[in-house]
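Numbering (my numbering), first residue to last: 6 to 286.
The beta carbon of each residue, even a glycine, is placed where N, CA and C say it ideally should be.
Since this is a predicted model, take the numbers as computed values, not measurements.
Contents: one structure, followed by commentary.
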């Protein structure tokens with residue numbers, strides 16, 4: 006009796022072993038390249054410091070005006086991304102890889118602030134300022150590690166984490182509309198390119214096909230960059246607020262700090278040079 010039971014368990018074990026062996030396959034591994042269009046919802050959190058010092062001989066005392074403005078601007082930016090990577094099995098079910106992603110975004114986002122003197126002794130605002138900032142994050146680069154798990158014969162889920170870089174073009178300027186008589190106004194602007202660093206995390210799913218080097222994947226990535234301070238804008242204004250009044254002088258500074266982050270979605274293909282998946286285990 007015991008012998009019969011042992012033989013039956015032996016056959017069950019053999020069948021289970023054959024079934025598991027037949028049901029587990031390797032994912033694509035080796036070196037690969039990829040191409041993926043996507044959309045990135047780029048966000049720019051901005052904080053501003055606005056100072057004005059007014060010397061008015063008609064009032065006999067200088068006045069100062071200070072304000073802090075905070076806000077956020079965002080816009081979906083289409084992009085195209087190239088990928089280069091390598092991955093391999095570390096066990097039958099788990100993979101580990103590294104990936105380099107380079108992307109290009111051709112669009113830009115802009116936002117403005119409306120400022121004025123808003124002094125209590127003035128019947129109208131002496132000067133209204135419009136501060137405008139344009140940000141174009143045209144190039145992005147990520148270097149990430151990519152652990153993955155094999156869910157089915159042809160479906161892999163993976164995570165990504167690593168460093169992120171972006172090259173941005175910024176244009177920071179201020180326009181004015183003065184109500185002063187005989188007003189003169191001098192101001193500088195800031196047009197510059199900036200390199201910003203940060204981190205990225207993401208997750209995705211990749212589908213392979215029998216007898217093919219190609220895979221199809223979808224992916225979400227979050228990127229957080231370090232904050233950047235744009236060059237300070239300085240302005241000087243002179244003029245008279247009323248007929249017969251002595252001219253007054255305004256000296257001002259405007260500072261803007263940007264904190265950039267993005268949420269990106271990609272759908273694309275990868276091509277593995279080492280060929281189709283092989284049976285594992």
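Nearest Cα to residue 222 within the set 272, 267, 80 and 105: 272. Beta-carbon to beta-carbon, residue 44 and residue 270 are separated by about 6 Å, close enough to satisfy the 8 Å threshold. If you look at residue 278, you'll find it isn't in any beta strand (DSSP E); DSSP assigns it neither H nor E. Following the DSSP letters along the chain, one finds residue 108 inside the beta strand (DSSP E) bounded by residues 99 to 110. Within the DSSP bridge table, the entry for residue 158 names no partner. Nearest in C-alpha terms to residue 266, of all of 162, 210 and 82, is 82. Closest in C-alpha terms to residue 36, from the list 103, 211, 260 and 75, comes 103. Take the alpha-carbon of residue 86 and the one of residue 42: they are about 6 Å apart. Out of 98, 199, 243 and 168, the CA that lies nearest to the CA of residue 160 is found in 98. Under the DSSP assignment, residue 224 falls in the beta strand (DSSP E) whose first and last residues are 219 to 230. The straight-line gap separating the alpha-carbon atoms of residue 214 and residue 220 is approximately 7 Å.
Between residue 173 and residue 137, the gap from beta carbon to beta carbon reaches 8 Å or more. Straight through space, the alpha carbons of residue 206 and residue 169 are spaced by roughly 9 Å.
Between the C-alpha atoms of residue 88 and residue 212 there is a straight-line separation of about 16 Å. Residue pairing for residue 38: DSSP places it in a beta bridge opposite 89 and 276. Within the model, the alpha-carbon separation for residue 230 versus residue 50 is close to 11 Å. DSSP, reduced to helix, strand and coil, places residue 240 within a strand of the structure shown.
Under the three-state reduction of DSSP output, residue 270 falls in the strand class.
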